[in-house]
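In full-length UniProt numbering, the protein residues as written are 1 to 574.
Everything below concerns the one structure shown next.
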Amino acid sequence: MAPVSLFAVACLVGNSWWTFHNISQLVQATTWVEQTADIQLEVARIETDLVNAETGQRGYVLTALTDYLEPYYAGIRYADQRLVQLDRMATGHPAITAQLDDLETAVLGKFEEMRTVISLMETRGQIAARQRISLGEGKALMDEVRLVVSTIQGELASDLEAQKQQVALARTSALSALSLFVTGTLILVALLYATSRRELARRSKDSAEIAQYAQSLKSSLAELRRDRNEVQELIEAAGYMQSCDSVPELTRLLTPILERIFAGYSGHVYLHAPSRNRLDCVASFGGLEPAHLMAPTDCWALRRGQDHLHTLENGAPACAHHHGERSDTLCVPLIAHGDTIGLLTLIRQDQQDHDPADKMDNARRLSHMVGAQLGLTFANLKLQDSLRQQAITDPLTQAFNRRYLDAIGDKILAQADRFHQHLAVAMLDVDHFKQYNDLHGHVAGDHALTAVAHFMQTHIREADWLFRYGGEEFLIILQGSDADSARAKLEHMREAVAALQFTNGDIVLPGVTISLGCAIYPEHATSLAELIDLADGALYEAKAAGRNRIRLHEGRSETASVTGANLLSIAAKA
Numbered sequence: 001m002a003p004v005s006l007f008a009v010a011c012l013v014g015n016s017w018w019t020f021h022n023i024s025q026l027v028q029a030t031t032w033v034e035q036t037a038d039i040q041l042e043v044a045r046i047e048t049d050l051v052n053a054e055t056g057q058r059g060y061v062l063t064a065l066t067d068y069l070e071p072y073y074a075g076i077r078y079a080d081q082r083l084v085q086l087d088r089m090a091t092g093h094p095a096i097t098a099q100l101d102d103l104e105t106a107v108l109g110k111f112e113e114m115r116t117v118i119s120l121m122e123t124r125g126q127i128a129a130r131q132r133i134s135l136g137e138g139k140a141l142m143d144e145v146r147l148v149v150s151t152i153q154g155e156l157a158s159d160l161e162a163q164k165q166q167v168a169l170a171r172t173s174a175l176s177a178l179s180l181f182v183t184g185t186l187i188l189v190a191l192l193y194a195t196s197r198r199e200l201a202r203r204s205k206d207s208a209e210i211a212q213y214a215q216s217l218k219s220s221l222a223e224l225r226r227d228r229n230e231v232q233e234l235i236e237a238a239g240y241m242q243s244c245d246s247v248p249e250l251t252r253l254l255t256p257i258l259e260r261i262f263a264g265y266s267g268h269v270y271l272h273a274p275s276r277n278r279l280d281c282v283a284s285f286g287g288l289e290p291a292h293l294m295a296p297t298d299c300w301a302l303r304r305g306q307d308h309l310h311t312l313e314n315g316a317p318a319c320a321h322h323h324g325e326r327s328d329t330l331c332v333p334l335i336a337h338g339d340t341i342g343l344l345t346l347i348r349q350d351q352q353d354h355d356p357a358d359k360m361d362n363a364r365r366l367s368h369m370v371g372a373q374l375g376l377t378f379a380n381l382k383l384q385d386s387l388r389q390q391a392i393t394d395p396l397t398q399a400f401n402r403r404y405l406d407a408i409g410d411k412i413l414a415q416a417d418r419f420h421q422h423l424a425v426a427m428l429d430v431d432h433f434k435q436y437n438d439l440h441g442h443v444a445g446d447h448a449l450t451a452v453a454h455f456m457q458t459h460i461r462e463a464d465w466l467f468r469y470g471g472e473e474f475l476i477i478l479q480g481s482d483a484d485s486a487r488a489k490l491e492h493m494r495e496a497v498a499a500l501q502f503t504n505g506d507i508v509l510p511g512v513t514i515s516l517g518c519a520i521y522p523e524h525a526t527s528l529a530e531l532i533d534l535a536d537g538a539l540y541e542a543k544a545a546g547r548n549r550i551r552l553h554e555g556r557s558e559t560a561s562v563t564g565a566n567l568l569s570i571a572a573k574a
């Protein structure tokens, strides 16, 4: 027996070390993926800071108002901080070190060019500054920044793809190691069982004792087989859950997964609403209809921060959200990173079972593992959704940001061209916003901007688009709108915004008005950049005419009637 025991211990230690090693590799690969994603986000933020600075410079040159330079100075400050942060984060990413140096050079060069334009504006006036801008040096530098950013993002994307493959390989290795560990354990137990039988037979023990011992070992084997099957089911379920890209996709998968894992039980999965004052049912299994929402105080598990088992015999109080049902129930909080994000509930279906305690213990053990996996999966998906949303929306107004306009603008125009539709591009500016800020404070100004953006988002069609272009400027794209329909829609918005009432706490704030400039595709121009320029020019006409009005671009751009071939020829010459 001693050699067999030593061999078994050695095998168990070896399998344990191999399993631990593969899991460590998985954790290391996952951490590497997260670091690469952070670098991508920081590079995108540097580009955004530079675009904001350029917007401030353009506003200052157009208006001679120094208030427009605030984004420029903020861009310098933030870009310097982010470049330092990137140098620190890029340790261990030698593939992009040279590109990061190029990015720093390009960004500093762009800021130096903008500083030159601003200096010309201050010393020699608008004409000299605009002549400097017309040389195209600023555009060339900005194109260089975009090229470097695109190169870095491409390198990081390739690196990220390779790292994801490493993660997948590490996950496969970890699962293989775990499966081998379970299989090896079963083999070792079987070996011990056979050795024990021979030892008992050799010693001529009592047949009843031998039979009892054999039955005990058979039960252990059966339990191990059951555990192995459960582990395999959990591994498979975890693989599916981790492959989901969104919370709705995960909730659609939960019903068949939980019915297979918790055979003989029904239940619900709840998630906390953003307000944290209720939980919404996102999945049901075991034949139950989707449940209504519930309050956090309705569940003892959520109150106590741990699982809550109620049986007909143990005397523990039943949770109110089960509505007095005469069944054994189990509630398990879904916790991720120390935060309770939801709840898993189980209801035993067969109350006439002769061995309920053993099954409830097994269900309780499984529910802890499933609950932990569910909590982490939901938390990761919500984090991914939040990061995606943050990358394309303005944090103050929740309108789409300038970066997303650059990404989606050409696609919107191509769609209008494909379906032979008109398209209206409108620039919107909140009138006298600086004075409003100075008089009522930045908090009130932010509140007014948010209220205007919210009104626009709720009063445009689902096919239309609202972008925060910079400062108090917004850009609206109305699909399928010609000049007459665009004017009518924008006029209705202008009147409605002028009638809006704002409050900041108990303080009633005065309303604001808006000025709008609009250009129509394809009548006025055939490129989004030119449409924006024309709409911007019409906006300044509206402001010069007294504000709180709409101006539609009159006339036709010189390039609006140029064919696609001619456009390509012009671009090649440029």
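By construction, the Cβ of each residue, glycine as well, lies at the ideal position given by its N, Cα and C atoms.
Span separating the alpha-carbon of residue i from that of residue j
i      : j      : result
GLN501 : TYR436 : 14 Å
GLU541 : GLU491 : 16 Å
ALA194 : GLY315 : 44 Å
LEU374 : HIS272 : 13 Å
GLN415 : ASP482 : 15 Å
ILE392 : TYR404 : 5 Å
ALA448 : ASN380 : 34 Å
GLU473 : ARG402 : 11 Å
THR251 : GLN390 : 23 Å
MET114 : GLN81  : 19 Å
GLN131 : TYR68  : 19 Å
ASP280 : ARG364 : 23 Å
THR19  : ALA74  : 50 Å
GLY445 : ILE335 : 39 Å
GLY59  : ASN52  : 11 Å
PRO256 : LEU175 : 22 Å
ALA10  : TRP17  : 11 Å
ALA208 : SER196 : 15 Å
Span of the alpha helix (DSSP H) around residue i
i      : result
ASP159 : 137–202
ARG130 : 126–134
ASP533 : 528–544
GLN435 : 433–440
As assigned by DSSP and simplified to three states, the class of residue i
i      : result
GLY56  : helix
GLY445 : helix
PHE502 : strand
GLN479 : strand
THR340 : strand
GLY517 : strand
ARG551 : strand
GLY470 : strand
GLY409 : helix
ASP280 : strand
VAL245 : As written in the sequence, residue 245 is Asp, which differs from the Val given in the question. Correct three-state label for ASP245: coil.
PHE285 : strand
ASP350 : coil
LEU309 : strand
ILE460 : coil
PHE419 : coil
THR397 : coil
VAL512 : coil
LEU293 : coil
PRO256 : helix
THR19  : helix
LEU428 : strand
CB-CB length for residue i against residue j, believed under 8 Å
i      : j      : result
VAL61  : MET121 : 6 Å
PHE467 : PHE400 : 5 Å
SER367 : LEU344 : 6 Å
ALA519 : ALA535 : 4 Å
HIS310 : PRO317 : 7 Å
GLY441 : PRO71  : So it is not a contact: roughly 20 Å between Cβ atoms.
GLY517 : ALA498 : With a Cβ gap of about 17 Å, GLY517 and ALA498 do not count as contacting.
LEU552 : ARG487 : 6 Å
MET294 : ARG276 : MET294 to ARG276, Cβ: 13 Å. No contact.
ALA291 : VAL332 : 16 Å between Cβ atoms; not a contact.
ALA426 : LEU383 : Their Cβ separation, rounded to whole angstroms, is 35 Å, which puts ALA426 and LEU383 out of contact at 8 Å.
Terminal residues of the beta strand (DSSP E) in which residue i lies
i           : result
ILE507      : 507–509
residue 584 : Here the chain has residues from 1 to 574 only, and residue 584 is not among them.
ASP298      : Careful: ASP298 lies outside any beta strand (DSSP E) and carries neither H nor E.
MET89       : First-last for MET89: 70–89, but that is the alpha helix (DSSP H), not the beta strand (DSSP E).
(request) Would you check if there are 3 or more beta carbon pairs closer than 8 Å linking the segment 113–131 to the segment 144–163? (result) no
(message) Taking contact to mean 3 or more Cβ pairs, one atom from each stretch, closer than 8 Å, check whether the segment 280–292 and the segment 259–270 are in contact.
(response) Judged by Cβ distances under 8 Å, the segment 280–292 makes contact with the segment 259–270, as three or more pairs qualify.
(request) Indicate whether the contact test is met: 3 or more Cβ pairs, each with one atom in the segment 170–185 and one in the segment 137–153, closer than 8 Å. (result) no
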